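Structure, as structure tokens:
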Amino acid sequence: MADALLRIEGLTKRFGGVVASDNVTLDVTAGELHAIIGPNGAGKTTLICQLAGEIAPNTGRIHFGGRDITALPVYARSALGLARSFQITSLFPDFTALDNVALAVQAHAGHSFEFWHDARRDPALRDPARASLERVGLAARADVMVSNLSHGEHRQLELAMALATKPRMLLLDEPMAGLGPEESIRVVKLLRELKSDLTILLIEHDMEAVFALADRISVLVYGRVIATGEPAAIRANAEVRQAYLGEQEAVTVPGAGHG
Amino acid sequence: MIDWRNLSADWLDARKLASNPPNLRNAFVIALLAILALLPIYSALTGNYFLVTLFTRILILALAAVSLNLIMGFGGMVSFGHAAYLGIGGYVVGILAKEGINSGFVQWPLALIVSGLFALGVGALCLRTRGVYFIMITLAFAQMVYYVAIGLDRYGGDDGLTINKRSQFIDAVNLSNKTVFYYVCFALLLAVVYLVWRLVNSRFGLVIQGARSNDRRMRAIGFPTFRYKLVCFVIAGVLCGLSGVLLANHTSFISPAMMQWTRSGDLIVMAVLGGMGSVFGPVVGAVAFLLLEEVLSSVTEYSGIILGPMLLGVVLFARGGIDGILKDHSRG
Ligand SMILES: Nc1ncnc2c1ncn2[C@@H]1O[C@H](COP(=O)(O)OP(=O)(O)OP(=O)(O)O)[C@@H](O)[C@H]1O
Ligand SMILES: [Mg+2]
Numbered sequence: 000m001a002d003a004l005l006r007i008e009g010l011t012k013r014f015g016g017v018v019a020s021d022n023v024t025l026d027v028t029a030g031e032l033h034a035i036i037g038p039n040g041a042g043k044t045t046l047i048c049q050l051a052g053e054i055a056p057n058t059g060r061i062h063f064g065g066r067d068i069t070a071l072p073v074y075a076r077s078a079l080g081l082a083r084s085f086q087i088t089s090l091f092p093d094f095t096a097l098d099n100v101a102l103a104v105q106a107h108a109g110h111s112f113e114f115w116h117d118a119r120r121d122p123a124l125r126d127p128a129r130a131s132l133e134r135v136g137l138a139a140r141a142d143v144m145v146s147n148l149s150h151g152e153h154r155q156l157e158l159a160m161a162l163a164t165k166p167r168m169l170l171l172d173e174p175m176a177g178l179g180p181e182e183s184i185r186v187v188k189l190l191r192e193l194k195s196d197l198t199i200l201l202i203e204h205d206m207e208a209v210f211a212l213a214d215r216i217s218v219l220v221y222g223r224v225i226a227t228g229e230p231a232a233i234r235a236n237a238e239v240r241q242a243y244l245g246e247q248e249a250v251t252v253p254g255a256g257h258g
Numbered sequence: 000m001i002d003w004r005n006l007s008a009d010w011l012d013a014r015k016l017a018s019n020p021p022n023l024r025n026a027f028v029i030a031l032l033a034i035l036a037l038l039p040i041y042s043a044l045t046g047n048y049f050l051v052t053l054f055t056r057i058l059i060l061a062l063a064a065v066s067l068n069l070i071m072g073f074g075g076m077v078s079f080g081h082a083a084y085l086g087i088g089g090y091v092v093g094i095l096a097k098e099g100i101n102s103g104f105v106q107w108p109l110a111l112i113v114s115g116l117f118a119l120g121v122g123a124l125c126l127r128t129r130g131v132y133f134i135m136i137t138l139a140f141a142q143m144v145y146y147v148a149i150g151l152d153r154y155g156g157d158d159g160l161t162i163n164k165r166s167q168f169i170d171a172v173n174l175s176n177k178t179v180f181y182y183v184c185f186a187l188l189l190a191v192v193y194l195v196w197r198l199v200n201s202r203f204g205l206v207i208q209g210a211r212s213n214d215r216r217m218r219a220i221g222f223p224t225f226r227y228k229l230v231c232f233v234i235a236g237v238l239c240g241l242s243g244v245l246l247a248n249h250t251s252f253i254s255p256a257m258m259q260w261t262r263s264g265d266l267i268v269m270a271v272l273g274g275m276g277s278v279f280g281p282v283v284g285a286v287a288f289l290l291l292e293e294v295l296s297s298v299t300e301y302s303g304i305i306l307g308p309m310l311l312g313v314v315l316f317a318r319g320g321i322d323g324i325l326k327d328h329s330r331g
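Here the protein sequences come in this chain order: W and F. Quick note: the first sequence, position 129, residue 128 per numbering that gives the first Met the number 0, numbers continuous. Quick note: the second sequence, position 38, residue 37 per numbering that gives the first Met the number 0, numbers continuous.
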């Protein structure tokens, strides 16, 4: 496919005896929202970590925007426009929400070997950061310390930070994990808006959200992609039903936490 | 765990000073600065020159503690070998003096450059490690320098070397004059505090603080954190090298003892005691620590028996150090 923005070829990652990624081959087309579903421990997070550059695969290649990024460090991939959010919230707890997002803006505003001017009063950083907070609905909490924000707010902030890097592609690792129904609806709405400007790889256990949002879905089981296709096809796929969707009924009880 | 909350370094924030009613913390800083500024005058009036000598030493080590706190408090890089830069700065001055080069215009820049290069080498290796390993490797490098100094027979080896002449600048700045030297140290300390304060609030400073808070996330949002931390490590090394230059001039003597590991420990204690959350905290810590040490050592040989538990108390009950205590009392 010529217009694949992200192209994963034969990615394999072993942790001792566990094969977390088993010859994963996958294309994400520019502009699509591609969801990855799969049971706990299927290797979804491990896949994201390899795409982001935190974990080096044993074999396989990753191409982004036509470029082989398999050997690039994390920050260089971010510079190319690949942004991720974390399943387990990863923020700067001793800074305010606005500081957090402003750092993400700063990371993509040239080098930071600037030693003199107060970065917290720099509109070139603060204004886009505020806009990003606004977008996820956190504007009113801009000056609150992250350690004093709620879990739902942390999840929103995760998204705001990823967005603030002005990415071409978002890698979202369960952005709705642990959110209440109202907060989930808000995130679904946001993702729907983002879909028009961004390519998104979405990992999510909330099947309602996944089937509502995804252009295509890949199913990962024991590190292997057992099916890729449009939502209707995945829903109808017998192997998927057996391997995953059937047992998922029990898992998606509201409030059932995972990971 | 250390409490990293008070990051804003607002000890020196003029805006806050102007907008807030005077509080205990600001009053304390202003009082301390006033005392430090007027001390030589008091000494001249009373003829007590010992005070000037003692406080010159305090100012110099305060500068070293401020430089350590830049990497430790703001960058989360706990260096247990920071005294090495005191030694390096001092030895460059001492060696040059011994070889007949007394010009401060040569000695000082060279001392800072050598300190910076050493920091660059140490940092390039240490910053690939974390936590206890980082602490141990910085200590190991400092010990290496310590033993190298012992091996320098030409420069006194274990016994050290007396410096016959303090660094020579223009006639107007005669460092051999105790009062002049005191004010040079005071001015340099203030300049360094101001510089570090600007730095920690700049883009660079936020990267350093972000890397301390969550290095993984910093890289994920696109920062090559290693190079920023390395530059910060070098800046701290250079600043501490300056402290070493001053120390050698102050005592007119260099010896390996300048960079004994216990000295590195003392610098950490000063920063923790004063408060790592602010730029000025370590100055308070240095004054408190060295004054206590002075007083206690005149009473007992074992000042550590009292200083140790005190420090433990600070770490356990007042995590922000003296600065933190003052800040808490300033809120009400
Ligand atoms: N660093 C690691 N070391 C060893 N094993 C690991 C490591 N990271 C993940 N694994 C294993 O790899 C497998 C895949 O884990 P991963 O976290 O990618 O699953 P996941 O699909 O994200 O699960 P969840 O839905 O619970 O988030 C699991 O069996 C896990 O135990
Ligand atoms: Mg996961």
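Cβ coordinates follow ideal geometry from the N, Cα and C atoms, glycine included. Only a predicted model underlies this, so the values are computations on that prediction, with no experimental measurement involved.
Query, Result
"In chain W, which residues lie with their C-beta within 9 Å of the C-beta of residue 198 of chain F?", "114 and 115"
"So, with DSSP's three-state summary, where would you put residue 128 of chain F?", "coil"
"At what residue ranges does the stretch 215-270 of chain F contain a whole run of the alpha helix (DSSP H), taking only runs of 4 or more?", "224-250"
"Which residues of the stretch 102-113 of chain W have a Cβ closer than 8 Å to any Cβ of chain F? Give them in chain order.", "102, 103, 105, 106, 107, 111, 112 and 113"
"Consult DSSP for residue 20 of chain F and reduce its assignment to one of helix, strand or coil.", "A caution first: residue 20 of chain F carries a pLDDT of 49, below 50, which makes its placement in the model too unreliable to give a value."
"Beta-carbon separation of residue 322 of chain F and residue 283 of chain F under 9 Å?", "yes"
"Could you tell me the distance, in whole angstroms, from the CA atom of residue 129 of chain W to the CA atom of residue 161 of chain F?", "60 Å"
"Is residue 73 of chain W closer than 9 Å to residue 64 of chain F when the C-beta atoms are compared?", "no"
"What residues match up with residue 228 of chain W in a beta bridge as DSSP calls it?", "W:216"
"Examine the Cβ distances between the stretch 185-197 of chain F and the stretch 48-68 of chain F and report whether three or more of them are shorter than 8 Å.", "yes"
"On the CB-based measure, 16 or more other CB atoms within 10 Å of its CB, does residue 107 of chain F come out buried or exposed?", "buried"
"Given a cut-off of 9 Å on the beta-carbon distance, is the pair residue 273 of chain W and residue 110 of chain W in contact?", "Since the first residue shown for chain W is 0 and the last is 258, residue 273 of chain W is missing from the structure and cannot be characterised."
"If we ignore side chains and look at the alpha-carbon of each, how far apart do residue 137 of chain W and residue 251 of chain F end up?", "59 Å"
"Quick check on residue 213 of chain W: buried or exposed, where buried means 16 or more other Cβ atoms within 10 Å of its Cβ?", "buried"
"Tell me whether residue 86 of chain W counts as near ligand 2, meaning its Cβ is closer than 8 Å to at least one heavy atom of that ligand.", "yes"
"Along the stretch 188-217 of chain F, where does the CB come closer than 8 Å to a CB of chain W? Name the residues.", "197, 198, 200, 201, 202, 203, 204, 205, 206, 208, 209, 212, 213, 215, 216 and 217"
"Is any beta-carbon of chain W found at less than 9 Å from that of residue 230 of chain F?", "yes"
"At a CB-CB cut-off below 8 Å, which residues of chain F make contact with residue 66 of chain W?", "Near residue 66 of chain W there are no residues of chain F at all, since even the closest Cβ is about 16 Å away, more than 8 Å."
"Quick one: list the residues of chain W neighbouring residue 219 of chain F, beta-carbon separation under 7 Å, in chain order.", "51, 73, 77 and 83"
"Pop quiz: residue 88 of chain W and residue 142 of chain W are said to be a contact at Cβ under 8 Å. What is the actual Cβ separation, rounded to whole angstroms?", "Not quite, the Cβ-Cβ distance comes to about 19 Å (not below 8 Å), so this is no contact."
"Let me know if residue 60 of chain F comes out buried or exposed under the rule of 16 or more other beta-carbons within 10 Å of its beta-carbon.", "buried"
"Tell me, please, whether the CB atom of residue 129 of chain W is closer than 9 Å to any CB atom in chain F?", "no"
"From this set, W:3, W:44 and W:56, which residue's C-alpha is nearest residue 22 of chain W's C-alpha?", "W:56"
"Can you tell me whether residue 258 of chain F is buried or exposed, with buried defined as 16 or more other CB within 10 angstroms of its CB?", "buried"
"Classify residue 315 of chain F: buried if its beta carbon has 16 or more other beta carbons within 10 angstroms, exposed otherwise.", "exposed"
"Considering residue 192 of chain W, what are the terminal residues of the alpha helix (DSSP H) in which it resides?", "180-194"
"Since residue 302 of chain F is in the alpha helix (DSSP H), which residue starts that stretch and which ends it?", "302-316"
"Is any heavy atom of ligand 1 found at a distance shorter than 8 Å from the C-beta of residue 202 of chain W?", "yes"
"In chain order, what residues of the stretch 41-55 of chain F put their CB closer than 9 Å to some CB of chain W?", "none"
"Check the C-beta distance from residue 148 of chain W over to residue 161 of chain W and give it rounded, since I have them as a contact under 8 Å.", "16 Å between Cβ atoms; not a contact."
"Less than 9 Å between the beta carbons of residue 172 of chain W and residue 85 of chain W, yes or no?", "yes"
"Is there at least one Cβ from chain F nearer than 9 Å to residue 258 of chain W's Cβ?", "Below a pLDDT of 50, predicted positions are generally treated as unreliable, and residue 258 of chain W, at 37, falls in that range; the measurement from the model is reported next regardless. No, because no Cβ of chain F sits closer than 9 Å to the Cβ of residue 258 of chain W."
"Using 8 Å for Cβ pairs, my map puts residue 260 of chain F next to residue 141 of chain F. What's the rounded Cβ distance?", "6 Å"
"Identify the residues that DSSP records as bridge partners of residue 23 of chain W: which are they?", "W:10"
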